[in-house]
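To start, the structure under review is shown below, and the notes come after it.
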Amino acid sequence: MIRALHRWPGLLALVLVTILSLSGAALSVFPAAERLAAPQAETELTVATLADRIQLVYPGVEQIRRSPSGQITAYWFDQGTPGAAVIDPATGEGVASADPNQVERWITNLHRSLFLGDGGRIAMAAGAAAMLVLSLSGAALVARRTGGWRHWFAPLRGPLAGRLHVEIARIAVVGLLLSSTTALWMTASTFDLLPDGGAPPAFPAEVSNETGVALDRLAGLSEIPVADLRELSFPYPGDTTDVFTLKTDRGTGYLDQGDGALLAWADLTGWERVSETIYMLHTGQGAAVLGLVLGLMALGVPAMGATGVLIWLAGRRARPRIRGNQPAGRAGTILLVGSEGGSTWGFAATLHAALTQAGQSVHVGPMSGFAPERYTRAERIILLAATYGDGAAPASAKGFLDRLNAFDRVPDMPIAVLGFGDRSFPAFCAFAKDVAAAAQAKGWPELLPLETVDRQSPQDFARWGRALGDALRIDLELSHQPVLPKTETLTLVSRRDYGAEVQAPTAILRFALPRVTLWQRLVGAGFARFEAGDLIGVLPEGSAVPRLYSLASARCDGFIEIVVKKHPGGLCSGQLTALEPGDTVTAFLRRNPGFRPGPSRAQLILIGAGTGIGPLAGFVRGNTRRRPIHLFFGMRHPKSDFFYGEELPAWQDEERLVRLVMAVSRVEHPHYVQDALRDDAAQVTRLIRDGARVMVCGGREMAAGVADTLAEILAPAGLTPAVLKAEGRYVEDVY
-14 MIRALHRWPG LLALVLVTIL SLSGAALSVF PAAERLAAPQ AETELTVATL
36 ADRIQLVYPG VEQIRRSPSG QITAYWFDQG TPGAAVIDPA TGEGVASADP
86 NQVERWITNL HRSLFLGDGG RIAMAAGAAA MLVLSLSGAA LVARRTGGWR
136 HWFAPLRGPL AGRLHVEIAR IAVVGLLLSS TTALWMTAST FDLLPDGGAP
186 PAFPAEVSNE TGVALDRLAG LSEIPVADLR ELSFPYPGDT TDVFTLKTDR
236 GTGYLDQGDG ALLAWADLTG WERVSETIYM LHTGQGAAVL GLVLGLMALG
286 VPAMGATGVL IWLAGRRARP RIRGNQPAGR AGTILLVGSE GGSTWGFAAT
336 LHAALTQAGQ SVHVGPMSGF APERYTRAER IILLAATYGD GAAPASAKGF
386 LDRLNAFDRV PDMPIAVLGF GDRSFPAFCA FAKDVAAAAQ AKGWPELLPL
436 ETVDRQSPQD FARWGRALGD ALRIDLELSH QPVLPKTETL TLVSRRDYGA
486 EVQAPTAILR FALPRVTLWQ RLVGAGFARF EAGDLIGVLP EGSAVPRLYS
536 LASARCDGFI EIVVKKHPGG LCSGQLTALE PGDTVTAFLR RNPGFRPGPS
586 RAQLILIGAG TGIGPLAGFV RGNTRRRPIH LFFGMRHPKS DFFYGEELPA
636 WQDEERLVRL VMAVSRVEHP HYVQDALRDD AAQVTRLIRD GARVMVCGGR
686 EMAAGVADTL AEILAPAGLT PAVLKAEGRY VEDVY
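Number 408 in the working numbering belongs to position 423 of the sequence shown; there are no gaps in the numbering.
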């Protein structure tokens, strides 16, 4: 809901909000420029002295005004001809023209009304309202992304466009909130939608009827400093009944022209002071530095607009266009999708086409848009749910579980949940399982029990489709061709070979970075941005099914590196380990956000065996902040498969690695990482009790053994791997 509230006002009002912000930023410069250019009055100068100086130079002076910037302007008549000038208060002489700046006037008219009068003012008010909605919803989304308001300035990850969008937003949002709310206030005041301010004092009925007294002898003016002056209007020449009209920061009053006595006075009301403060905050008049700051923040709007459009386009490209998609209120089958990278939408399109061909009316939408009250003709709901990271909801399913849990009564139509994931990850289809469990707890009737699709398997999907067809009593054959991400050609630049002595050929393969376009950098596509622990999918010759390998390098390292063991009969591993420098492979990047060290300074315990050292070595290599890292590394024999044996001692010398514990299994007394953990049980327990994060990478059996061992040694401290996982302090990347 918040995402939609943020997206659509931004897209619909993009041009209007951009004009509003750019013109506002330009106008913010003028108060500061006026402040710098205008001669300023000395601190103790009084209004009486200033008026006397100006009258000596311009005998026909009628009015003196002081702007919030301190600029003093005098208006006079000289032999029937009007004149005006900016005044130097030290001499009373004019030093510059008082004519309004035409550029400023033009920009002001554009900013206020688009040169369209009242209609333009309403349009710009709509733009300010859109900016207010964008600011509030954007602030909520930033807080959600950074993990709460207390982590507002937490480091960001992800595509460049998304990071720029949030970085600008979390700095500029305060200024945009202030500018938009004050703009709406001023518009409401313009259209008399707010209460009127205070009335001026009643004109005095009695005066001294004296004239010609020197201005510097008028007591009422001699007590007012120029810094408080707003406007002084002189009495009409020769009219003994007229008076001085004085406006200051405190209020408005009338002074006798004969003796300067105060004849009447009205203080500014509280409402007037609030209105003037809002005017100052919006325009910068009287607060030039604040105006410049708000102007700089306003410049973030077009930048956020551009990056926001890029984010929106990237999201749309990840979602296929579904022909014949029925409105939610007219569909018999509601098909909702939870997807992060976009592949699940392809399965939804295949299912939609097959159901439509079978005579069903189908509506496809995101799980985040779940709204049972709209499904007036629906007979069933089908959920296709992927999982993000370590069991979280994917992008298009944000808020689904919260909405479901808030319902007192679930819909009457039955539900089917199909999960998508990769069995090599511990959190396989965890989000889909959570959804199915929540639906069951609510008593939602099942159309089909929970099923899963492993690694986008067309066979798994087709098998589930036949079961769905049986439940609906229709023939349903789902023939899905997964659309792989756009691939890049990677060129091998070097290789290091290990493991021949123990009949386990393994190689550390280093590839050159492919060329990255500006668009890829902006939206984070391709290999524009990656970190150690992310995955590359390699397409072997003779197969359309990619194999995934964990990265041992980050983009900043300047290369792509993986550790590959040759498996007997392995198609992809055999081809990779046969590569020579200059050879190429076809690959794509898949992010793995659930397996990252995180930004914390808490100590890290890295546990890996065999090729599982790959991403762990990448974490150590990238540890430029000298975060304390303890590495437990299991190998067969140090002479054959001590991967990164050249770098690890150097990383220790550079304090990127605090401690290296090796466990060797192909010796007289075999030792595994589980044994190494038991040997070091006291320190491991102390580190974890003090907040350390545990990261495990390697084969399933090794990972299971490590979990059992840690459960054993942590039991006296009242800790378990399950508790650590719930706290986000125990993560695995197993295969």
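Cβ coordinates follow ideal geometry from the N, Cα and C atoms, glycine included.
Are Leu266 and Leu163 touching if we call contact CB-CB under 9 Å?
yes
Identify every run of the beta strand (DSSP E) within the region 85 to 118, keeping only runs that are complete inside it and at least 3 residues long; order them along the chain.
none
Classify Gly350 as buried or exposed, calling it buried when 16 or more other Cβ atoms lie within 10 Å of its own Cβ.
buried
Within the chosen definition, does the region 686 to 694 reach the region 641 to 656 through at least 3 CB pairs nearer than 8 Å?
no
Give the DSSP-derived three-state secondary structure of Glu195 in the structure shown.
coil
Near Leu699, what residues of its chain come up, given a Cβ to Cβ distance below 7 Å and the 5 sequence neighbours on each side ignored?
Thr670, Ile673 and Thr705
Between the CA atoms of Ile547 and Gly607 - distance to the nearest angstrom
15 Å
Taking the Cβ atom as the reference point for each residue, do Gly293 and His465 lie within a distance shorter than 9 Å?
no
Euclidean distance between Cα positions of Ala513 and Val71:
57 Å
Contacting residues, own chain, Cβ-Cβ under 8 Å from Gly543 (five flanking each side not counted):
Leu498
Beta strand (DSSP E) containing Ile521: first to last residue?
Leu520 to Val523
Note the first and the last residue of the continuous beta strand (DSSP E) segment covering Trp429.
Per DSSP, Trp429 belongs to no beta strand (DSSP E) and is neither H nor E.
May I have the straight-line CA-CA distance separating Ala251 from Val80, to the nearest angstrom?
34 Å
Distance between beta carbons of Ile263 and Met116, contact taken as under 8 Å:
Met116 to Ile263, Cβ: 16 Å. No contact.
Best match in Ala113, Arg365, Ser585 and Pro566 for proximity to Pro430 [C-alpha to C-alpha]
Arg365
For Trp250, the first and last residue of its enclosing beta strand (DSSP E)
Leu247 to Asp252
Integer Cβ distance of Glu19 from Gln56, believed to fall under 8 Å:
6 Å
Assign Ile156 to one of two classes, buried (16 or more other C-beta atoms within 10 Å of its C-beta) or exposed (fewer than that).
exposed
Just grab the DSSP bridge partners of Gln48 for me.
Tyr60 and Ser218
Short of 6 Å in beta carbon distance, which residues of its chain neighbour Asn310, apart from the five on each side in sequence? Order them along the chain.
Val349
Spatial neighbours of Leu200 within its chain, please: CB distance less than 7 Å, with the 5 preceding and 5 following residues excluded, ordered by chain position.
Ala33, Ala36, Asp37, Gln40 and Leu206
Tell me, please, which residues DSSP counts as bridged to Pro210.
Thr31
Identify every residue that forms a DSSP beta bridge with Gly323.
Ala370
Nearest-angstrom Cβ-Cβ length linking Leu601 and Cys541, presumed shorter than 8 Å:
17 Å between Cβ atoms; not a contact.
With contact counted as at least three CB pairs below 8 Å, one residue from each stretch, are the region 530 to 540 and the region 514 to 522 in contact?
yes
Please tell me whether Gly9 and Leu279 are closer than 9 Å, where the distance is taken between their beta carbons.
yes
Range covered by the beta strand (DSSP E) that runs through Val14
Segment Val14 to Ala22 is the alpha helix (DSSP H) holding Val14; no beta strand (DSSP E) there.
Could you check whether Leu435 and Gly450 sit closer than 9 Å to each other, using their CB atoms as the reference points?
no
Run through the DSSP bridge pairs and tell me what Leu589 is partnered with.
Ile614 and Arg678
What are the start and end residues of the beta strand (DSSP E) that includes Pro623?
Where Pro623 is concerned, there is no enclosing beta strand (DSSP E), although the alpha helix (DSSP H) it sits in stretches over Pro623 to Asp626.
Opening and closing residue of the alpha helix (DSSP H) in which Leu453 lies:
Pro443 to Leu457
Closest by CA to Arg315, which one among Val347, Ala426, Arg106 and Ser585?
Val347
Report yes if the C-beta distance between Gly729 and Pro379 is below 9 Å; otherwise report no.
Any answer about residue 729 is impossible in this case: the structure gives the chain only from -14 up to 720.
Output the boundary residues of the beta strand (DSSP E) element that contains Arg495.
Thr491 to Ala497
Where Glu473 falls: helix, strand or coil (DSSP):
strand
Residues bridged to Asp73 (per DSSP)
Glu78
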